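Asks: Residues 10 to 295 (my numbering) make up the sequence shown, in order.
Let me begin by handing over the structure; questions about it come next.
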Amino acid sequence: MEELDTPQIITHIEKDLNHSLFDCKWIPCSAKFVVIGSMPRGTGTIEIFEITAGEAKKIKEIERPNSFKDLEMNSQVYITKEHTDIINSIDAMGGNTANCGAPEIVTGSRDGKPVANMQPVKGETKRDCWTVAFGNSFNDAERIVAAGYDNGDLKMFDLRTMSLRWECNLKNGVCYTEFDRKNIPMNKLVATTLEGKFHNRDLFVTCAGNGQVSLWKYEYPEQRHRTDAQGVACGVPGKLTRLQRMVISSQPINALEWNRDHLGLAVATAYDQCVRIIVTTKLNLQ
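Listed below in C-alpha cells is the structure:
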C-alpha cells in the first residue's frame, strides 16, 4: 500500500468529564451522541452532547439513583425462577413470525437444570454455560441452539432430534454466540472468546488496555473454499492487515462506536474520564 493512501487516526475532540464513563452511542442522523456513566457518589448519569464548531457541547444531562453500565434497558413484564444458580445468558425465538415454530426461551447456567435435556452424560464434568443462541428456525420443525462454555467448548444442539449436532473447542472461554439470522437455514455463526479473536469484517477497530486503537482490514482469499482429502468442502480463511494504530488515551478504552452516517467518524470513552471524537481518514480508499 502506498504511504499516501494509509489511513490516519486523529483525535478531533477531547472532552474531559468529572466521572467514570462506561458506554457511548451515536444518535442516528445527527451530530449528537449519548454517554452514560457513574458519579463518585454512585448515581448514574445520561448525557447528550452535540458537535458544534469543533466542540462537544452538553445539551442534556439526566442523573438517576443507580449507576448505568450500558444503553439497553427494558421494563420487566414476566418473571420466573427456573435455575438454582446464576444465569449467564438468555435468548428467545418464535411466536411473532409465521412458520418459525413455537415461542421458546433458552437460558444458560452452571446448575445443569434442563427443560430440554442437554446436560452432560453421567461421569462427564459439568461446565459453566456462558452463552446461548437460537438459530436455523426456518420452519415449524427445525431449531438449533448454540451454546458456549467456560472451557472453550462450542456446541450445537438440534432441538428436533434432541441430539448434539456439532461441537468444537476454541481454547478460550466462549462468552458470546449469535447466528446471522435466526429464521433462515443456518449460514453463519459468530462466537467471541476471552482471547478476543475476530470474525470476518472488511474494516474494524480494536481497543487495547494501553489506550491504543488499531485499524484492521480483512483481505479475502483467492478461493473461499477448498476440497480436503475426504472430498469435503472446507472454508479458506483470509488474512488481517493492520493499517494504522494510535494511542489516544492513557487508560483503557472501554467503548467505541462508528457513526453510521459519516465514514470514519467515531466516538469513544475511556477510564481516564474523557470522551473523544475520532476521525479516521481515507477509509474510502481501502
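C-beta: ideal position from N, C-alpha, C; glycine also.
It should be emphasised that the depicted structure is a prediction, and the values quoted were computed from it without experimental measurement.
Quick check: what's the CA-CA separation for F188 versus F143?
Replies: Locating residue 188 in the sequence shown gives position 179, counting from the first residue. Locating residue 143 in the sequence shown gives position 134, counting from the first residue. Answer to the nearest angstrom: the Cα atoms are 7 Å apart.
Asks: Sorted by chain position, which residues of the same chain lie with C-beta nearer than 7 Å to L173's C-beta, five sequence neighbours on each side aside?
Replies: In the sequence shown, the residue the question calls residue 173 occupies position 164. Hits under 7 Å: K164, F166.
Asks: Buried or exposed for K191, going by 16 or more other Cβ atoms inside 10 Å?
Replies: Reading the sequence shown from its first residue, position 182 is the one you call residue 191. Counting Cβ neighbours within 10 Å, K191 comes out buried, since at least 16 surround it.
Asks: Quick test of the definition: if touching needs 3 or more C-beta pairs under 8 Å, does the region 192 to 202 touch the region 213 to 230?
Replies: No, the region 192 to 202 is not in contact with the region 213 to 230.
Asks: Suppose the cutoff is 7 Å on Cβ atoms and the five residues either side in sequence are ignored; what does the same chain contact list for A64 look like?
Replies: Working through the sequence shown from its first residue, we reach residue 64 at position 55. Before going on, a small fix: residue 64 reads as Glu here, not Ala. Within the same chain, E64 has close Cβ partners I22.
Asks: Taking D137 as the reference, which of V183, N145, G273 has the closest Cα?
Replies: The residue given as residue 137 occupies position 128 in the sequence shown. Minimum Cα distance to D137 is reached at V183.
Asks: Excluding the 5 residues flanking R119 on each side, which residues of the same chain have their C-beta closer than 6 Å to its C-beta?
Replies: Along the sequence shown, read from residue 1 onward, the residue named residue 119 stands at position 110. Cβ within range, chain order: D94, D137.
Asks: Among A40, S98, P37, L26, whose alpha-carbon lies nearest the alpha-carbon of E70?
Replies: Against the sequence shown, residue 70 aligns to sequence position 61. Residue L26 is the option with its Cα nearest to E70.
Asks: Just reading off the beta strand (DSSP E) that L224 is part of, what are its end residues?
Replies: Mapped onto the sequence shown, residue 224 falls at position 215. Counting along the chain, the beta strand (DSSP E) containing L224 begins and ends at 221 to 228.
Asks: Could you give the first and the last residue of the continuous beta strand (DSSP E) run that contains H21?
Replies: Counting from one through the sequence shown, the residue named residue 21 turns up at place 12. 18 to 25 is the span of the beta strand (DSSP E), which, as asked, contains H21.
Asks: Is T278 buried or exposed, if buried means 16 or more other CB atoms sit within 10 Å of its CB?
Replies: By 1-based counting over the sequence shown, the position of residue 278 is 269. Classification for T278: buried.
Asks: Beta-carbon separation of L272 and L292 under 8 Å?
Replies: Taking the first residue of the sequence shown as 1, we reach residue 272 at position 263. Taking the first residue of the sequence shown as 1, we reach residue 292 at position 283. Closer than 8 Å, so yes.
Asks: Within the continuous beta strand (DSSP E) that includes Q253, where are the two ends?
Replies: Looking up residue 253 in the sequence shown gives position 244. Here the beta strand (DSSP E) through Q253 covers 248 to 256.
Asks: Please classify H208 as buried or exposed, where buried requires at least 16 neighbouring CB atoms within 10 angstroms.
Replies: Start at 1 with the first residue of the sequence shown, and residue 208 comes out as number 199. Residue placement at H208 cannot be trusted, given a pLDDT of 46 that sits under 50; what the coordinates show is reported in the next sentence. It is exposed - the Cβ of H208 has fewer than 16 other Cβ atoms within 10 Å.
Asks: On the DSSP bridge assignment, give the partners of D162 in chain order.
Replies: To locate residue 162, count along the sequence shown from 1; it is residue 153. Answer by DSSP bridge pairing, in chain order: N178.
Asks: Let's see if you can read the secondary structure: which residues bound the beta strand (DSSP E) around V288?
Replies: The residue you call residue 288 lines up with position 279 of the sequence shown. Residues 283 to 289.
Asks: Measuring CB to CB, does D290 end up less than 8 Å from Q17?
Replies: On the sequence shown, position 281 is the one that residue 290 refers to. On the sequence shown, position 8 is the one that residue 17 refers to. The residue asked about is misnamed: residue 290 is Thr in this sequence, not Asp. Cβ distance < 8 Å, so T290 and Q17 count as in contact.
Asks: For a test of the three-state rule: what should DSSP assign to L272, helix, strand or coil?
Replies: Your numbering for residue 272 matches position 263 in the sequence shown. Of the three classes helix, strand and coil, the one that applies to L272 here is coil, per DSSP.
Asks: So what's D149 in DSSP terms, helix, strand or just coil?
Replies: Reading the sequence shown from its first residue, position 140 is the one you call residue 149. Note: D149 maps to coil in three-state DSSP.
Asks: Within this structure, are the beta carbons of F77 and V276 separated by less than 8 Å?
Replies: Counting from 1 along the sequence shown, the entry for residue 77 is found at position 68. Counting from 1 along the sequence shown, the entry for residue 276 is found at position 267. Result no, Cβ atoms of F77 and V276 do not sit closer than 8 Å.
Asks: Tell me whether E56 is buried or exposed, calling it buried when 16 or more other Cβ atoms sit within 10 Å of its Cβ.
Replies: Position 47 of the sequence shown, counted from the start, is the residue given in the question as residue 56. Buried, because 16 or more other Cβ atoms sit within 10 Å of the Cβ of E56.
Asks: For a test of the three-state rule: what should DSSP assign to D14, helix, strand or coil?
Replies: If you number the sequence shown from 1, residue 14 lands on position 5. Helix, per DSSP.
Asks: What residue range is occupied by the uninterrupted beta strand (DSSP E) comprising L200?
Replies: The residue given as residue 200 occupies position 191 in the sequence shown. According to the sequence provided, residue 200 is Ala. The question's Leu does not apply to it. Segment 198 to 202, the beta strand (DSSP E) holding A200.
Asks: Looking only at its own chain, which residues have a Cβ that is under 6 Å from the Cβ of D237, when we skip the five neighbours before and after it?
Replies: Residue 237 sits at position 228 when you count from the first residue of the sequence shown. Correct list, in chain order: C243.
Asks: Please classify N192: does DSSP put it in a helix, a strand, or coil?
Replies: Mapped onto the sequence shown, residue 192 falls at position 183. Reduced to three states, the DSSP call for N192 is coil.
Asks: So I19 and V288 are supposed to be a Cβ contact under 8 Å. How far apart are they, rounded?
Replies: By one-based count along the sequence shown, residue 19 stands at place 10. By one-based count along the sequence shown, residue 288 stands at place 279. I19 to V288, Cβ: 5 Å. Contact.
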